[in-house]
Structure formats: structure tokens, C-alpha cells
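Trainee:
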Amino acid sequence: GGGGGAHRGNSFHEAKRVPPRLRSRLNDYKNSGYDRGHLAPAADHQSSQEAMDSTFTLANMSPQDPAFNRDSWAAVEKWLRDRVQSGEASSMTVMTGPLFIPTADRDREDSYTMKYKLIGKNPCLVHVPTHFFKAVVAELPDGKQAVGAVVLPNERIPKGTPLSSFVVPLAALEAVSGVLAFPRLLDERKRMLVQAAESRVLPHLTTTPLLPPPPSPPPPKLKKGQPPEVAHLCERFDCKRAQRALARSKAGR
Numbered sequence: 040g041g042g043g044g045a046h047r048g049n050s051f052h053e054a055k056r057v058p059p060r061l062r063s064r065l066n067d068y069k070n071s072g073y074d075r076g077h078l079a080p081a082a083d084h085q086s087s088q089e090a091m092d093s094t095f096t097l098a099n100m101s102p103q104d105p106a107f108n109r110d111s112w113a114a115v116e117k118w119l120r121d122r123v124q125s126g127e128a129s130s131m132t133v134m135t136g137p138l139f140i141p142t143a144d145r146d147r148e149d150s151y152t153m154k155y156k157l158i159g160k161n162p163c164l165v166h167v168p169t170h171f172f173k174a175v176v177a178e179l180p181d182g183k184q185a186v187g188a189v190v191l192p193n194e195r196i197p198k199g200t201p202l203s204s205f206v207v208p209l210a211a212l213e214a215v216s217g218v219l220a221f222p223r224l225l226d227e228r229k230r231m232l233v234q235a236a237e238s239r240v241l242p243h244l245t246t247t248p249l250l251p252p253p254p255s256p257p258p259p260k261l262k263k264g265q266p267p268e269v270a271h272l273c274e275r276f277d278c279k280r281a282q283r284a285l286a287r288s289k290a291g292r
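If you're matching positions, the sequence shown starts at 40 in the numbering used here and goes up one per residue.
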């Protein structure tokens with residue numbers, strides 16, 4: 040969260056602990072057309088100058104389209120931060136990362152092609168992700184949890200696009216990323232409750248989710264009048280807010 044006295048120095052630096060042949064370099068981004076996009080946001084690390092500066096290592100960067108980085112991605116970061124600062128969430132655990140998602144081949148069923156750009160100098164190239172994701176577990180003031188995941192394309196996104204357009208099933212994100220989300224926060228029982236929450240929310244979103252849910256057992260049903268122990272993020276917070284409103288909102292719905 041914010042509130043510290045740290046200032047943003049934009050002190051981008053290479054990750055010296057990583058062997059030179061394996062790490063990103065400052066020159067990789069020069070004249071590439073891509074921003075050095077934060078994964079862990081600088082604004083979430085204002086507790087000390089050291090914490091703020093640590094977010095500017097290139098190990099925390101990924102090539103992002105400039106319009107995406109400065110508008111939509113920044114807006115999502117701020118929207119999540121505001122949920123805590125406004126008191127709607129007591130705390131929040133966020134997992135962030137790049138994704139490489141293929142496109143379906145038109146001439147063959149169940150056939151896909153991966154296509155993306157690279158920057159830098161061969162053979163030490165930096166791969167440009169096709170998408171980025173955030174998965175969230177929010178601890179709520181009433182003791183419950185809200186869970187959700189979004190996947191956004193690494194490109195300029197129209198200003199009026201609601202955040203709900205990018206909501207995906209958590210299990211689908213895990214399948215495409217190869218990473219199990221929040222193993223210490225979500226046991227198998229809670230994962231089933233997340234699936235149940237998604238079954239309540241996803242059918243009412245404005246668009247079809249980018250990633251379909253993977254095969255899984257049917258989620259448990261709530262007893263009539265029983266409040267969910269685990270809610271979907273969009274059940275507790277307003278996910279339909281437009282990107283432009285997200286970017287300039289201070290807090291609240």
C-alpha cells in the first residue's frame with residue numbers, strides 16, 4: 040500500500056544477480072517501441088525508498104505496449120489498490136505475470152499457432168508477451184474472501200472497455216500459465232467455492248471470457264439464503280467500471 044515517503048526515481052537497473060546471458064538489458068528496450076512495464080507496481084511499494092527502488096529492476100519488467108502500460112494496466116493496478124485504501128478490502132494478495140496465448144488456426148480444428156515479437160540482440164532476446172494477467176485474493180472486512188482473475192491483451196485497449204471484459208476462470212489461467220495460483224491461500228475446498236462463484240458471475244459478463252474453463256467437477260451449490268464463504272471479485276467490487284473511470288477514480292465504486 041501507499042502512505043510512505045518514497046518517491047519514484049525511475050531508476051531502472053539490470054538484475055546483476057542473474058547471469059549476463061540470461062538477463063534483460065537496458066539496451067534491449069532502447070528504441071524497441073515497448074515500455075519497461077512493471078509487474079509488481081512501484082506505487083504498491085512506498086513503505087521505503089529501498090522497496091520502491093527494488094521494483095525498478097529489469098527482473099520485474101516485461102515489454103509492454105506503451106498505451107497499454109500507461110493507461111489500462113496502470114488503471115487496473117490503481118483499481119485494485121483503491122479497493123484496499125477505501126476499506127472495501129482489508130488486504131489483498133495479487134499474482135501478476137506475462138502470458139503467451141496462441142491463436143486458433145482457421146483451417147484446422149484444435150490447432151493453434153503461437154506468434155509474438157522479440158526485442159534485443161540475438162541470441163539474448165527478450166520475448167514480448169501477448170497478454171498479461173492478475174489473479175487476486177482479497178480479504179474482506181466481514182471475514183470472507185473475494186477471488187478473481189483477469190487477462191488483458193498487450194495492446195492499446197479502447198477507453199470505454201470495462202474491466203469485466205477481461206475476467207477469466209482462475210483454473211483456465213492456471214492451465215495456460217502453468218502456475219498454480221495461491222496454493223497457501225486456496226485449498227481444494229476453497230477452489231471449488233471459487234468455481235461456484237465463477238459460475239454465478241461469468242454468465243452475466245458483457246463478453247465471452249478469453250479463456251474457457253477447463254474440464255472439472257461441477258461446483259457445489261449454496262443452500263438457500265446461505266452467504267458465500269468465497270465470493271467472486273466482481274460480486275463484491277464493481278468490475279464493470281470503464282477504463283477511463285478506473286484511471287481517474289480515487290476510491291469507491
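C-beta atoms are modelled at their ideal positions from N, C-alpha and C, and glycine is treated no differently.
#1: Over the uninterrupted alpha helix (DSSP H) stretch that includes lysine 229, give me the two end residues.
#2: What's the gap between the Cα of serine 130 and the Cα of arginine 147?
#3: How big is the Cα-Cα spacing for histidine 243 and serine 255?
#4: Expressed to the nearest angstrom, what Euclidean distance is found between the alpha-carbon atoms of serine 203 and alanine 98?
#5: Going by C-alpha distance, which of Gly217, Ile158 and His271 is nearest alanine 177?
#6: Counting only runs of 3+ residues fully inside the segment 146-204, write out the beta strand (DSSP E) ranges in chain order.
#7: Just the Cα atoms here: how many angstroms apart are histidine 84 and arginine 145?
#8: Using DSSP's beta-bridge definition, name the partner residues of valine 269.
#9: Along the chain, which unbroken stretches of the beta strand (DSSP E) at least 3 residues long are found entirely within the segment 97-127?
#10: Using the three-state DSSP reduction, which class does proline 137 fall into: helix, strand or coil?
#11: Does serine 130 come out as helix, strand or coil in the three-state DSSP assignment?
#12: Which same chain residues end up closer than 6 Å to glycine 41 when comparing Cβ atoms and leaving out the 5 residues on each side of it in sequence?
#13: To the nearest angstrom, how far is it from the Cα of lysine 289 to the Cα of glycine 199?
#14: What's the gap between the Cα of methionine 231 and the Cα of proline 162?
#15: On a Cα-Cα basis, can you pick out the residue from Leu119, Pro253, Pro267 and Lys69 that is closest to arginine 280?
#16: Where does arginine 223 sit, in a helix, a strand or coil, going by DSSP?
#17: Taking the C-alpha atoms as reference points, what is the distance between histidine 166 and aspartate 181?
#18: Could you check what DSSP says for arginine 60 in three-state terms: helix, strand or coil?
#19: Where does alanine 143 fall in DSSP's three states?
#20: If valine 190 sits next to valine 207, beta carbons under 8 Å apart, how far is it from one beta carbon to the other, in whole angstroms?
#21: Quick one: what does DSSP say alanine 290 is sitting in, helix, strand or coil?
#22: Here's the rule: buried if 16 or more other CB atoms are within 10 angstroms of the residue's CB, otherwise exposed. What is alanine 188?
#23: Can you list, in chain order, the residues of its chain whose CB lies under 7 Å from that of lysine 55, leaving out five sequence neighbours each side?
Mentor: According to the structure data:
#1: 227-240
#2: 46 Å
#3: If you take the alpha carbons of histidine 243 and serine 255, they lie about 21 Å apart.
#4: One C-alpha to the other measures close to 29 Å.
#5: His271
#6: 157-160, 163-166, 170-178 and 184-192
#7: Taking the straight line joining both Cα atoms gives about 45 Å.
#8: Gln184
#9: Entirely contained in the segment 97-127, the beta strand (DSSP E) runs reaching 3 residues are, in chain order, 100-103.
#10: Proline 137: strand per DSSP, three-state reduction.
#11: Under the three-state reduction of DSSP output, serine 130 falls in the strand class.
#12: Low per-residue confidence applies at glycine 41: pLDDT is 44, beneath 50, and the placement is therefore not dependable enough to give any value.
#13: For lysine 289, the predicted structure reports a pLDDT of 49, less than 50, and the residue's modelled location is therefore unreliable. The matter cannot be settled from this model.
#14: 44 Å
#15: Leu119
#16: coil
#17: 42 Å
#18: In the structure shown, arginine 60 falls within a helical segment according to DSSP collapsed to helix, strand and coil.
#19: Strand at alanine 143.
#20: 5 Å
#21: Residue confidence for alanine 290 is low, a pLDDT of 42 falling below 50, so the modelled location carries little weight and cannot support an answer.
#22: Classification of alanine 188: buried, given that the 10 Å Cβ count is 16 or more.
#23: Apart from the 5 residues on each side of it in sequence, lysine 55 has no Cβ closer than 7 Å to any other Cβ in its chain.
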